[in-house]
Amino acid sequence: MRKNVTLILLLAFLLIGSSMVMAQEKGGTLRFAMIDTPPSLDQQVITSDLATIIAQHIFEGLYTFNSEYAPVPMLASGSEVSDDGKLVTINLREGVTFHNGKEMTSEDVVASLERWGEFGVRGPVLFEYIDKVEADGKYSVNLYFSEAFSPWKSMLAFINGGPVILPKEIMENANEQPISPEEYIGTGPYQFNEWNTGRYISLTRYDDYAMREEESDGFAGQRMAYLDELRFIPVPETGTRVNGVKAGDYDYAQRMQGDMYESLKEDERVEVLVNQGAQFGELFFNQKEGLMTNTKLRQAVLAALDMEPVLQAAHGHPDLWDQNGSIMPEGTIWYSEAGIDKYSQGDPELAKKLAQEAGYNNERIRFMTTTSYQTMYDSCVVIAQQLSEAGFNIDLQIYDWATVATRRNDPEVWDFFYTWHGFVPDPILYTFLSPTYPGWWDTPEKRDLVGQFTKTMDQQQRAEIWSQLQEQIYTHVPIAKTGDTYTYDITSPNVKGFGQTSLIWPKFWNVWIE
Amino acid sequence: MLAYTFRRLLTIIPTLLIASILIFSFMHLMPGDPAAVMLGTNATPEQVEKLRVQLGLDRPIYIQFATWFKDAFRGDLGDSIFFQSPVLSVIQNRAETSIFVATFSMLIILILGIPIGVISAVKYNTVLDQLTMGFAMLAASIPTFWLGLNLMILFSVNLNWLPSSGFPSVVESGNLNNLKYLILPCVTLAAPNSALIIRLTRSSMLDVMKEEYVKTARAKGLKESIVILKHIFRNAIISIVSALGFTFIALLSGTVVTETVFSLPGVGRLVVQSVLRRDYPVIQGIIFVVVILYVFINLLTDLSYAFLDPRISYE
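Encoded structure:
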């Protein structure tokens, strides 16, 4: 009898074990309902998150981020840095092939980095410090810096608008215009298959993918392609994306609305995935012309704002936002409490006092926002209300995003505008640090701190300098952060393997359909 | 008739020119440019300016327009800024959905609208008439957005009979089974338009019913079905055909809400997306095609009057 029980248990164990193995077998098509179509999948020149969600499966960079947002090798095998920090040698993995079958070598890397450095969206920031990129044998590349530039690895690891590696033949002829779909040849676990305009973008598994050996960790390590096909389908209406997953027409749907969160969490037909890559809303103040060139007045605006109602109105459930004044979220080495006593004060009396000291006399303040992104608009309605209650004469100007993006370049027509910033792993990537970005923050203190920040190689020292920069942000008020916000997606319960997914963009390697 | 047709076709040229100038001017009066939209929220002004130059958007507007109009008359509508492919192929890609949706919706409108309108007129002021008019009023007043989502919840989510959204190409795959994707959108679109045709058919029929020649036909002892179909309906149909022509054009070019709700890759959604993206060549291209379609369908509608009513002739 005992023997029989043991036998039954053993059989049951084997059956369960084999079904688990079966469950992770390759096959199936994952249908991803996304909010729109990206303009292109060319990662080097496009910063659209939609493009990155798709393109990260096709293209890879020399580095990527692990789950703690530390840059770790992807196509690189390692690197050496000279003592003065001016020469970086990156060694490449051998045997990595592009989707056209050609092996990736240093020539491809040099051509890709040069194109990104000249025409890429984020490349010029790094290439301001790079004199030359040179192949050093078949599997090594030298970066010659004019001066030490500590965030180089993070910048090479950030794939959004980043230096993905493509064949030399494509990169040599590419410029600032996105490359065409037939040139989407990368080294990733999935390869480009078809762009059926308006219907879907299809990727298929690349069977010769040279996978890393390390355990999967964030975006790093093993990238196992279980699925035969990834199909990205534009479904602009949120209700349709929800119904599509419930009806079994889609397996994954992106960007649900905050007010649906509770009901979707309780619905057995879907599973909710909160994206842990925090974004944040920010008011940009015009420091070139107009009323907001007055620092005291910017401080007055900051003093008036209570961010909790702003976040609640725009994002709903508390799981989806965090009233955090640190520019970088908690859990990163960049988290700092410097200056955050001035965050979310919600003190209209103090605001009135500061405005009076600034000489404000009920002049019209032009506040630009957009209805193209509902959360932006919802945030701005509450902000405008709070500022009006604090005695500011707010002229809320509402445009579509394309109009805001153009008007903000003209310092004569606005005083502040609202936008959001996606998660970045290194503060050097923040747009407001650029003196040419609308808002035009360019004080000697800031210039000095940014200079120190980019030259210091020690991460701990850099974190301290960043803390001082954050202090400057709350003193000088070039921007006002509203808080961290998290998007969330839904998936069909039979899609497995997400684990710690959704760091910044949802990814579908190591994911399978049961 | 031929001379008339030729004269009407000639009107395409000035119509196209005026429509293009108007649209081009309005589009360029709007602030915002495609380079900023393409590069995303975090692009710097320098990057946007570089792309503007690359796309030729820094040239004077009149030069951009003249170049575009000259090429358009040679059949080259330029390249989409957003999709980076020829505008004609972008429109062709979307046209399949719009043509299928418009055609099937029109069929539903014809099958429901005209017979119900005729019956309602014949049974004027009866319970049946009241019920029909009540139904038409309801169908006309339900927002298509609401109707579409609720049909989807009922037939896709709960009953699982029909797909919720999307439309895989029938032309490319040859799979007629894909037409099931269009059932819910076509019903959604047909509902308010059928109501319009029901009411129009009914009122046109009622107007004709009061005519002396109808009384004469009945006095002659003709069968009631012949009086209704040959004497009343045939005389009432001119105004219905006019409305059907306009409805068909509207269905071809502007079913944005339904296309959005059902994620259909149609022309209507393409127009809205292109405006938001400031994809000028696509907007210009669609207007160009729609104006040509409009003139053709109007011409066909006018020519059909001569066949429907022998008293009308075109010299």
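Just so you know, the sequences run in chain order A and B.
Residue numbers 1 to 514, in the numbering used here, belong to the letters of the first sequence in order.
Residue numbers 1001 to 1315, in the numbering used here, belong to the letters of the second sequence in order.
Ideal placement from N, C-alpha and C gives every residue a C-beta, glycine not left out.
Every value quoted in this text rests on a predicted model; they were computed, and no experiment measured them.
Kindly indicate which residue of the options has the alpha-carbon position closest to the one of residue i.
i         : options                                       : result
Arg1202/B : Arg1311/B, Arg1074/B and Arg1234/B            : Arg1234/B
Ser316/A  : Gln276/A, Arg231/A, Asp378/A and Gly277/A     : Here residue 316/A turns out to be Gly, not Ser, going by the sequence shown. For the residues Gln276/A, Arg231/A, Asp378/A and Gly277/A, the minimum Cα distance to Gly316/A belongs to Asp378/A.
Asn243/A  : Asn1093/B, Leu1022/B, Phe1006/B and Asn1150/B : Asn1150/B
Ile327/A  : Asp319/A, Lys342/A and Pro318/A               : Lys342/A
Trp1068/B : Gly1285/B, Gly1134/B and Leu1293/B            : Gly1285/B
Thr989/B  : Trp512/A, Glu412/A, Gln177/A and Pro236/A     : Residue 989/B is absent from the model: chain B starts at 1001 and stops at 1315.
Tyr63/A   : Ser77/A, His99/A, Asp415/A and Ala51/A        : Ser77/A
Thr454/A  : Phe119/A, Glu114/A, Ala55/A and Ser146/A      : Ser146/A
Leu1022/B : Val1291/B, Thr1301/B and Tyr1305/B            : Val1291/B
Met457/A  : Gly331/A, Val88/A and Glu182/A                : Val88/A
Pro234/A  : Gln1273/B, Leu1010/B and Ala1035/B            : Gln1273/B
Lys446/A  : Asp426/A, Leu291/A, Val477/A and Lys168/A     : Val477/A
Ala1036/B : Ser1025/B, Phe1026/B, Ala1019/B and Leu1055/B : Leu1055/B
Phe525/A  : Gly101/A, Lys86/A and Glu266/A                : Since the first and last residues shown for chain A are 1 and 514, residue 525/A lies out of range.
Thr238/A  : Phe232/A, Arg255/A, Ile473/A and Phe392/A     : Arg255/A
Which residues in chain B sit within 7 Å of residue i, going by Cβ to Cβ distance?
i        : result
Gly244/A : Ser1164 and Ser1165
Ala480/A : Within 7 Å Cβ-Cβ: nothing; Ala480/A doesn't reach chain B, min ~17 Å.
Asn409/A : Pro1045
So what does DSSP say about residue i, is it helix, strand or coil?
i         : result
Arg530/A  : The structure shown does not extend to residue 530/A, since chain A is modelled only from 1 through 514, so no value can be given for it.
Arg462/A  : helix
Gln397/A  : strand
Ser1194/B : helix
Phe1006/B : helix
His421/A  : strand
Ser77/A   : strand
Trp321/A  : strand
Ser1164/B : coil
Tyr1294/B : helix
Asn1158/B : helix
Thr204/A  : strand
Thr436/A  : coil
Ile365/A  : strand
In chain A, which residues lie less than 9 Å from residue i when you measure between Cβ atoms?
i         : result
Lys1050/B : Phe119 and Glu176
Asp1302/B : Result: empty, since nearest Cβ-Cβ is about 34 Å, beyond 9 Å.
Met1152/B : Gly239, Thr240, Asn243, Gly244 and Ala247
Taking C-beta pairs closer than 8 Å, name the residues in chain B that residue i reaches, listed in chain order.
i        : result
Asp249/A : Ser1156, Pro1163, Ser1164, Ser1165 and Gly1166
Asp400/A : Gly1032 and Leu1276
Tyr486/A : Chain B residues near Tyr486/A: none, gap ~18 Å exceeds 8 Å.
Ile233/A : Gly1166 and Ser1263
Tyr437/A : Thr1044 and Pro1045
Assign residue i to one of two classes, buried (16 or more other C-beta atoms within 10 Å of its C-beta) or exposed (fewer than that).
i         : result
Asn1193/B : buried
Gly324/A  : Inspection of the sequence shows that residue 324/A is occupied by Asn rather than by Gly. Its Cβ being crowded by 16 or more others within 10 Å, Asn324/A is buried.
Lys132/A  : exposed
Asn275/A  : buried
Ser1313/B : exposed
Pro1014/B : exposed
Asp484/A  : buried
Met1137/B : exposed
Name, please, each residue of chain A whose Cβ falls closer than 7 Å to the Cβ of residue i.
i         : result
Arg1094/B : Gly198
Thr1260/B : Pro236 and Glu237
Phe1330/B : Any answer about residue 1330/B is impossible in this case: the structure gives chain B only from 1001 up to 1315.
Should residue i be counted as a contact of the ligand ATP given a C-beta to heavy atom distance under 7 Å?
i       : result
Thr89/A : No copy of the ligand ATP appears in this structure; indeed no ligand is present at all.
What does residue i reach in chain A if we use C-beta pairs closer than 8 Å?
i         : result
Asn1160/B : Ala247 and Gly248
Ala1036/B : Ala402, Ala405 and Thr406
Leu1270/B : Gly198
Gln1054/B : Asn175, Glu176 and Gln177
Does residue i come within less than 8 Å of chain D when only Cβ atoms are used?
i         : result
Ser1173/B : Absent here is chain D; the protein component of the structure consists of chains A and B.
With a threshold of 8 Å, are at least 3 pairs of Cβ atoms found where one atom belongs to the stretch 302-311 of chain A and the other to the stretch 346-363 of chain A? Yes, the stretch 302-311 of chain A touches the stretch 346-363 of chain A.
Stretch pair the stretch 1026-1035 of chain B + the stretch 395-404 of chain A: three plus CB contacts closer than 8 Å: Counting C-beta pairs with one atom in each stretch, the stretch 1026-1035 of chain B and the stretch 395-404 of chain A have three or more that are closer than 8 Å, which means they touch.
Meets three-Cβ-pair contact criterion under 8 Å: the stretch 1077-1093 of chain B and the stretch 1275-1284 of chain B: Yes, they touch.
Given 8 Å, three or more beta-carbon pairs between the stretch 140-155 of chain A and the stretch 92-111 of chain A: Verdict: yes, contact present.
Evaluate the contact criterion for the stretch 199-211 of chain A versus the stretch 483-494 of chain A: three or more CB pairs, one atom per stretch, below 8 Å. With the cut-off at 8 Å, the stretch 199-211 of chain A and the stretch 483-494 of chain A do not touch.
Is the stretch 215-229 of chain A in contact with the stretch 25-39 of chain A, if contact means three or more CB pairs nearer than 8 Å? Yes, the stretch 215-229 of chain A touches the stretch 25-39 of chain A.
Contact between the stretch 1242-1252 of chain B and the stretch 1159-1177 of chain B is defined here as three or more beta-carbon pairs at a separation below 8 Å; is this criterion met? Under the Cβ criterion (8 Å, minimum of three pairs), the stretch 1242-1252 of chain B does not count as touching the stretch 1159-1177 of chain B.
Spell out a yes or no on whether the stretch 187-205 of chain A and the stretch 462-475 of chain A are touching, meaning 3 or more CB-CB pairs, one atom from each, closer than 8 Å. No, they do not touch.
Check whether the stretch 1153-1164 of chain B and the stretch 243-253 of chain A are in contact - that is, three or more C-beta pairs closer than 8 Å. The stretch 1153-1164 of chain B is in contact with the stretch 243-253 of chain A.
Check whether the stretch 1171-1185 of chain B and the stretch 1222-1242 of chain B touch, using three or more Cβ-Cβ pairs below 8 Å as the test. Short answer: they don't touch.
How about the stretch 411-421 of chain A and the stretch 363-372 of chain A: do they share at least three Cβ pairs that are nearer than 8 Å? As far as the Cβ criterion goes, the stretch 411-421 of chain A touches the stretch 363-372 of chain A, which means the pair count is three or higher.
Do the stretch 40-57 of chain A and the stretch 171-184 of chain A meet, that is, are 3 or more Cβ pairs less than 8 Å apart? The stretch 171-184 of chain A and the stretch 40-57 of chain A touch, with three or more beta-carbon pairs separated by less than 8 Å.
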